[in-house]
């Protein structure tokens, strides 16, 4: 939480939408001018220790981790594999950003549709003109309800991504725990 | 030099191969039905001597050639499920009901998504696919061209928006414009084909007001048979529909217009009107085409009641075709044969003439023709005829493609005939024929398939040995066929005849996964199967898990609250006696004695042999308390040989205990007598 808006951030992130509104543009001009005093104070706890993809050890050592969670990001390609499979990330291939955005969308969509029913990470594979989405489900809903949601998801995602989307589904009784930390 | 000799030899081999192929082709063409084609082979053979073999430098393959070649390398996997289900133990359907539920659930999920997409097209407009894929774009209800003109009409027709197209048509006419003859014809064709209704409209959730005006369901089909449960509801033709309106507005309807109207009328069950329209057409001197005649012949059995009248009408139509020099097609013969199905003896007499004509014209019959022939010669009220043997001789080894809407009925009808003939060899031939090439595609919908496999398995159960039967059972269940209770009882009977009692554990597992474990008839059948004869001790122990499971199941239903118990398992005299026997034979005297109070509790009578066996085991084990309990049950239920049992018991006991037995006997008898008095 910032006490005062740091100018550089404000400019880069918010200038475009704000500039459309006259009052916001005025405010910006005031902020940018050198007369406005600006002190950058950091009042929240320092969060340098927080790292992406690593889990904090619990007090009792009883926090369950799946295999996917147990291996931090630097083991990708060593002990575990990528969650998105496509060729856009290769050298000089176009469309990396688009694919990343689509994958984010697919993940958000599935997390919302199969809320509390996903047992692990979603794997998205692109082969030819088809997107294969591999998901691991829990036995929380009746099979016919799953069929409804799966049919619904396939059709809707196909229309969003404009290509055939196929789901590869496995159902597990409970989350598959690799280790406790 | 050597090279030239080699080349020469190569050419000789090639040429001999070719000539063999040609002669094969010749024998085929003479042996088949189309035997009267002109033979040109000898002259060709002479010509091929001179023409060297030209290997094409480039061969243009079909787009699907590689996939076809790959698909010939795989066979049906008897452990897999239908392709539209997810291959996961939790998501695989195990019963017919689940099969239906799951496929419908998936379908309705897709429908829900489509509804969402069509309701909110703004989220799906972005089109970044190259080339653009129309299937993934929302179906909008707005059109590019709004002002009335012929292009606008064509746009609506190409999008199959028939209501809008008809409106546009009349709008153009009202505005004083004209529509070209071709477009008008096309529009009428579309309207007649779809019955004046937008295709796919029955699934459209967007227009509830249109669904309300759905005509009331017919109470019963006055003519013809009742609709089967799995047949789709055919919407009926209504007077004043768009097609009617358009047709009436035409100043001078052409022959094509009349033909499409007649075909539409037949398709939407207005056969009487179709014949009236046909008469109008004849009076105006217009000639109908072959498909119109086919449609008319198809509907003969709706407009005429008596068999002879039907056949007369068919003959009239066929003669009319001959006068007009219209060459009949396969569909003509199929519709004729289909109508002959409903003509009884007349049909059987005329069928052969029709077939002769078919051969004469060199038309290869399709599956539907054979299916019709089979049912003409195999009516349900007479002993089965041998016609299927001839049909199989004719069909075997051939590959068929779908050519007629009734093609899917052949396999079911033929398997039914096999069952009536009780000929398992014929059934194997039929099944092999079904596996030839892509004939399996003609097996029909899931209902037809389950009937086909059900009859097949039933026949195998009746006619085959145990091992063979079990092999087929494993092959068919549950990947293509979910057996129902009578089918499983058939399998049980076959296992019993072939003395294969050890398979009962596997079968019980299947029964549980098929959700039949709570069917009273089946549970009693299984118990009877296990208890009828005394097996080896190992076998009796093998039965124990099944027995225990059944007992737990039945007890569960008695403990469960009232709603769960409805129409499910309950104790019967037979099941209790069988359980008692099974426990005894497995050496579980304690469990057997626990069964005894249940007889009194549910007022059931044990079978005499069961009690006898129980007492005998008690005597052998020298367990007096249990013996007395058994005796008391026997006395309570008033078994006839009660005194005999008591004597047997006494002989194995001391005097002290003998008196106790007497006490039990007297007590129970007096209680019984008192009860008798009170009831009187």
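Chains as they are written, first to last, in UniProt numbering: chain A, 1 to 181; chain Z, 1 to 680.
Glycine included, every Cβ here is placed at the ideal spot set by N, Cα and C.
Other residues of its chain near residue 190 of chain Z: CB distance less than 8 Å, five sequence neighbours each side excluded: 157, 160, 162 and 165
Where residue 110 of chain Z meets chain A, residues with beta-carbon distance less than 8 Å: 151, 152, 154 and 155
Contact set between the region 111 to 140 of chain Z and chain A, restricted to residues whose Cβ is under 9 Å from the partner: 111, 112, 113, 114, 116, 117, 123, 124, 126, 127, 128, 129, 132, 133, 135, 136, 137 and 138
Exposure of residue 220 of chain Z, with buried meaning 16 or more beta-carbon neighbours within 10 Å: Reliability of the predicted coordinates at residue 220 of chain Z is poor, the pLDDT of 41 falling under 50, and no value is obtained from them.
Neighbour flag for residue 158 of chain A against chain Z, beta carbons, 8 Å: yes
So residue 298 of chain Z contacts chain A; which residues on that side make the cut at Cβ distance below 8 Å? Within 8 Å Cβ-Cβ: nothing; residue 298 of chain Z doesn't reach chain A, min ~36 Å.
Helix, strand or coil for residue 101 of chain Z, going by three-state DSSP, please let me know. helix
Assuming residue 274 of chain Z contacts residue 299 of chain Z under a Cβ cut-off of 8 Å, what Cβ separation, rounded to an integer in Å, is found between them? The distance from the Cβ of residue 274 of chain Z to that of residue 299 of chain Z is about 6 Å, consistent with a contact at the 8 Å cut-off.
Look at residue 131 of chain A and residue 123 of chain A and say whether their C-beta atoms are less than 8 Å apart. no
Residue 69 of chain Z versus residue 169 of chain A: straight-line alpha-carbon distance, rounded: Residue 69 of chain Z and residue 169 of chain A: Cα-Cα distance of roughly 29 Å.
Quick one: does residue 139 of chain A have its CB under 8 Å from some CB of chain Z? yes
Residue 65 of chain Z at chain A interface by Cβ criterion, 8 Å: no
With a threshold of 8 Å, are at least 3 pairs of Cβ atoms found where one atom belongs to the region 450 to 459 of chain Z and the other to the region 421 to 433 of chain Z? yes
Quick check on this structure: which residue in Z/615, Z/586, Z/474 and Z/583 has the alpha carbon closest to the alpha carbon of residue 79 of chain Z? Z/474
Within 8 Å of any Cβ in chain Z, is that where the Cβ of residue 147 of chain A sits? yes
Where does residue 537 of chain Z land, buried or exposed, given buried means 16+ other C-beta within 10 angstroms? exposed
Between residue 542 of chain Z and the rest of its own chain, which residues show a CB-CB distance below 7 Å, the 5 nearest in sequence each way excluded? 502 and 505
Between the region 55 to 73 of chain Z and the region 409 to 419 of chain Z, can you find at least three pairs of beta-carbon atoms closer than 8 Å? Flag = no, the region 409 to 419 of chain Z and the region 55 to 73 of chain Z do not touch.
Alpha carbon to alpha carbon, what distance is there between residue 88 of chain A and residue 98 of chain A? 9 Å
Interface residues of chain A facing residue 70 of chain Z [CB-CB closer than 7 Å]: The premise fails here: residue 70 of chain Z is roughly 16 Å from chain A at the closest Cβ pair, so nothing lies under 7 Å.
Helix, strand or coil, according to DSSP, for residue 603 of chain Z in the structure here? coil
Using a Cβ cut-off of 8 Å, pull out every chain Z residue sitting near residue 163 of chain A, in sequence order please. 129, 133 and 136
Is there a C-beta anywhere in chain A that falls below 8 Å from the one on residue 205 of chain Z? The predicted position of residue 205 of chain Z is uncertain, since its pLDDT is 41 and thus under 50; no value can be drawn from it.
Grouping DSSP H, G and I as helix and E and B as strand, with all else coil, what is residue 130 of chain A? strand
Could you give the C-beta distance for residue 391 of chain Z and residue 336 of chain Z, rounded to a whole number, given that I count them as a contact under 8 Å? Contact between residue 391 of chain Z and residue 336 of chain Z is absent: CB atoms are separated by about 18 Å, not below the 8 Å threshold.
Between the alpha carbons of residue 585 of chain Z and residue 420 of chain Z, how many angstroms are there, rounded? 41 Å
C-alpha distance - residue 514 of chain Z paired with residue 619 of chain Z, whole-angstrom precision: For residue 514 of chain Z and residue 619 of chain Z, the distance between alpha carbons rounds to 42 Å.
Give the range of the alpha helix (DSSP H) segment to which residue 166 of chain A is assigned. Where residue 166 of chain A is concerned, there is no enclosing alpha helix (DSSP H), although the beta strand (DSSP E) around it starts and stops at 164 to 172.
Out of Z/429, Z/418, Z/286 and Z/365, state which residue places its alpha-carbon closest to the alpha-carbon of residue 393 of chain Z. For residue 393 of chain Z, the closest C-alpha among the options Z/429, Z/418, Z/286 and Z/365 is that of Z/429.
Rounded to the nearest angstrom, how far is the Cβ of residue 334 of chain Z from that of residue 295 of chain Z, given a contact under 8 Å? With a Cβ gap of about 12 Å, residue 334 of chain Z and residue 295 of chain Z do not count as contacting.
In the DSSP assignment, find the unbroken alpha helix (DSSP H) run with residue 95 of chain A in it and report its ends. Taken as a continuous stretch (DSSP letters only), residue 95 of chain A belongs to no alpha helix (DSSP H), as it is neither H nor E.
Determine the DSSP secondary structure at residue 176 of chain A, reduced to helix, strand or coil. DSSP places residue 176 of chain A in the coil class of the three-state scheme, outside both helix and strand.
Pairwise C-alpha distance: residue 623 of chain Z and residue 588 of chain Z: 13 Å
Does the beta-carbon of residue 180 of chain A have 16 or more other beta-carbons within 10 angstroms, so that it is buried, or is it exposed? exposed
is_contact[residue 94 of chain A, chain Z] using C-beta, thresh 8 Å: no
Taking the CB atoms as reference points, tell me whether residue 90 of chain Z and residue 482 of chain Z lie closer together than 8 Å. no
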